[in-house]
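Trainee: For reference, the structure I am asking about is given below.
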Ligand code: KG4
Ligand code: ZN
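Written out as structure tokens, the structure is:
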């Protein structure tokens, strides 16, 4: 094969020869070490081209007792976790630092103190190993997680709509190419994961309450109670009004019967979930209609929600959608998604300098 390339380069016109390095690169084994530290998960992954060899996530439990992420505690925990997490990721992938082709890391958006830990670590390691450094936008990575090579997982083709739903983000993005993305709708206040978590808190459930609401909702009646849907224009979302109406609803009923929540927990959870899922699906329907795009990919921790998964499947039958949901480990915050994005940038020789900085805000 190498001989063939040599002969080809010798006789090809210059214009064509320029493209040869890319082809060669793709045939090579590219090992990317990826680092994610944008919020409260410290994660490191190793990818061999599009395949994940390891994906280690250290979830910070410390925030549970505060009912939400405490930024200062998050950055301290990242500092403690980052070395062992990277070490474990390399061991699990069964490779050494000298085998690495490049280091990809999340430079934003996220909590600045948390991002700084991963950014400084990645910059130092790349400098020490004299290998390329690749900055990755966390939101792009949630979407590009769909391109991880994985058995039984189909990849969307361009153009498609991506909906990122998590504790930190709620967006609908039109994706025309790997790095050609346009936000066409987003939340104007709380993220959808926050809506789940804050509702759960009102009901006295521990943080993060999203998975618990989902669990109780499965056994409840989604039409038992109704909550108002926000009136937000275009493809944008709003969840803060819903949270307030749930608070007033609970306060009103608890005044009459202090055991109201306990007695009706499953029905309340099912009704809250039904309302949130309807808000998301309504905007997706509108986005699909306006753009004429029927391929829909989701990402972010809330993608685990059974209500949203069922509603998307129903959308396939009702509206002819083709929907894509990545494996759970690649939907929540993880470094494997940073790795695939880093690999796609590596193929384009899109590297960062040592001057790259962490950024709390970073548009896709
Ligand atoms: O992507 P993620 O792990 O972290 C970021 O926020 O970036 O998402 C976490 C969010 C939390 O708000 C959590 O409550 C929510 O995802 N979540 C769920 C479910 N699983 C996780 N919300 C509803 N239903 C679930 N099954
Ligand atoms: Zn995220």
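Numbering (the working numbering), first residue to last: 1364 to 1727.
We put the beta carbon where it would ideally sit given N, CA and C, even for glycine.
Please read all numbers here as calculations on a predicted model, not as lab measurements.
#1: If you follow the alpha helix (DSSP H) that residue 1669 is part of, which residue opens it and which one closes it?
#2: Per the contact definition of three or more C-beta pairs closer than 8 Å, is the region 1685-1703 in contact with the region 1505-1517?
#3: Report whether the distance from the Cβ of residue 1342 to the nearest heavy atom of the ligand KG4 is below 7 Å.
#4: Considering only C-alpha positions, which residue in the set 1551, 1419 and 1461 is nearest to residue 1604?
#5: Under the rule that 16 or more other beta-carbon atoms within 10 Å means buried, what is residue 1519, buried or exposed?
#6: Would you check whether the ligand KG4 has a heavy atom nearer than 7 Å to the C-beta of residue 1556?
#7: Mind checking which residues open and close the beta strand (DSSP E) that includes residue 1583?
#8: Pick from 1394, 1724, 1498 and 1489: whose alpha carbon is nearest that of residue 1456?
#9: By how many angstroms is the C-alpha of residue 1606 removed from the C-alpha of residue 1563?
#10: Nearest to residue 1637 by alpha carbon, out of 1715, 1616, 1723 and 1579?
#11: Quick check: the Cα distance between residue 1687 and residue 1646, rounded to an integer number of angstroms?
#12: Suppose you measure from the CA of residue 1725 to the CA of residue 1497; what does that come to, to the nearest Å?
#13: What do you reckon, is the C-beta of residue 1509 under 7 Å from a heavy atom of the ligand ZN?
#14: From the DSSP output, in three-state form, read off residue 1365 for me.
#15: Taking 7 Å as the limit, tell me which residues put their C-beta closer than that to any heavy atom of the ligand ZN, in chain order.
#16: For a test of the three-state rule: what should DSSP assign to residue 1494, helix, strand or coil?
#17: Run the proximity test for residue 1678: is its beta-carbon closer than 7 Å to any non-hydrogen atom belonging to the ligand KG4?
#18: Rank 1709, 1468 and 1546 by C-alpha distance to the C-alpha of residue 1413 and give the top, closest one.
#19: Please tell me whether, using a cut-off of 7 Å, the distance from the CB of residue 1668 to the nearest non-hydrogen atom of the ligand KG4 is below it.
#20: Inspect the CB distances between the region 1543-1561 and the region 1570-1579 and report whether three or more fall short of 8 Å.
#21: Which residue spans inside the region 1576-1657 form an unbroken alpha helix (DSSP H) run of at least 4?
#22: Do residue 1589 and residue 1595 count as a contact pair if the criterion is CB distance below 8 Å?
#23: Evaluate residue 1491 with the Cβ neighbour count: other Cβ atoms within 10 Å of its Cβ, from every protein chain shown; 16 or more gives buried, anything less gives exposed.
#24: To which residues of the same chain is residue 1419 closer than 6 Å at the C-beta, ignoring the five residues directly before and after it?
#25: Quick one: any contact between the region 1658-1667 and the region 1518-1532, if contact means 3 or more CB pairs under 8 Å?
#26: Suppose the cutoff is 8 Å on Cβ atoms and the five residues either side in sequence are ignored; what does the same chain contact list for residue 1517 look like?
#27: Shortest alpha-carbon distance to residue 1625 belongs to which of 1549, 1583, 1608 and 1462?
Mentor: In brief:
#1: Mapped onto the chain shown, residue 1669 falls at position 306. Boundaries of the alpha helix (DSSP H) harbouring residue 1669: 1669-1682, taken from the DSSP string.
#2: Verdict: yes, contact present.
#3: Because the chain is modelled from 1364 through 1727, residue 1342 falls outside the range shown and cannot be assessed.
#4: Here residue 1604 refers to the residue found at position 241 when the chain shown is read from its first residue. Considering only alpha carbons, the answer is 1551.
#5: On the chain shown, position 156 is the one that residue 1519 refers to. Residue 1519 comes out buried.
#6: Along the chain shown, read from residue 1 onward, the residue named residue 1556 stands at position 193. True, at least one ligand heavy atom lies under 7 Å from that Cβ.
#7: Sequence index remark: in the chain shown, residue 1583 carries index 220 (1-based). For residue 1583, there is no enclosing beta strand (DSSP E), as DSSP marks it with neither H nor E.
#8: Reading the chain shown from its first residue, position 93 is the one you call residue 1456. Residue 1456 has its Cα closest to that of 1394, out of 1394, 1724, 1498 and 1489.
#9: Here residue 1563 corresponds to residue number 200 of the chain shown, with the count starting at 1. Here residue 1606 corresponds to residue number 243 of the chain shown, with the count starting at 1. Roughly 10 Å separates the two Cα atoms.
#10: Position 274 of the chain shown, counting from 1, holds the residue named residue 1637. It is 1579 whose Cα lies nearest to the Cα of residue 1637.
#11: Working through the chain shown from its first residue, we reach residue 1687 at position 324. Working through the chain shown from its first residue, we reach residue 1646 at position 283. Whole-angstrom Cα-Cα distance: 17 Å.
#12: Here the question's residue 1725 lines up with position 362 in the chain shown. Here the question's residue 1497 lines up with position 134 in the chain shown. Approximately 15 Å between the Cα atoms of the pair.
#13: If you number the chain shown from 1, residue 1509 lands on position 146. Flag unset: Cβ of residue 1509 not near the ligand ZN.
#14: If you number the chain shown from 1, residue 1365 lands on position 2. With a pLDDT of only 48 at residue 1365, under the threshold of 50, the placement of this residue in the model should not be trusted, and no figure is reported.
#15: After applying the 7 Å Cβ criterion, the set is 1401, 1402, 1501, 1505, 1529, 1531, 1532, 1663 and 1696.
#16: Within the chain shown, the letter at position 131 stands for residue 1494. Of the three classes helix, strand and coil, the one that applies to residue 1494 here is coil, per DSSP.
#17: Sequence index remark: in the chain shown, residue 1678 carries index 315 (1-based). The answer is no for residue 1678.
#18: Start at 1 with the first residue of the chain shown, and residue 1413 comes out as number 50. Of 1709, 1468 and 1546, the residue nearest in Cα terms is 1709.
#19: What you label residue 1668 is simply residue 305 of the chain shown in a count that begins at 1. Within the cutoff, so yes.
#20: These segments touch.
#21: The qualifying runs are 1603-1619 and 1623-1654.
#22: As a working note, residue 1595 is residue 232 in the chain shown. As a working note, residue 1589 is residue 226 in the chain shown. The answer is no: Cβ separation not under 8 Å.
#23: Here residue 1491 corresponds to residue number 128 of the chain shown, with the count starting at 1. Residue burial is scored here from C-beta neighbours: residue 1491 has fewer than 16 other C-beta atoms within 10 angstroms and is therefore classed as exposed.
#24: Taking the first residue of the chain shown as position 1, residue 1419 is located at position 56. Exclusion of the five residues before and after residue 1419 leaves 1407, 1448, 1451 and 1452 as the residues of its chain whose Cβ lies within less than 6 Å of its Cβ.
#25: By the Cβ criterion, the region 1658-1667 is in contact with the region 1518-1532, since at least three pairs of Cβ atoms, one from each stretch, lie closer than 8 Å.
#26: The sequence position of residue 1517 within the chain shown is 154, counting from 1. Cβ within range, chain order: 1687.
#27: Residue numbering aside, residue 1625 sits at position 262 when the chain shown is read from its first letter. Looking at the Cα atoms, 1583 is the closest of the given residues.
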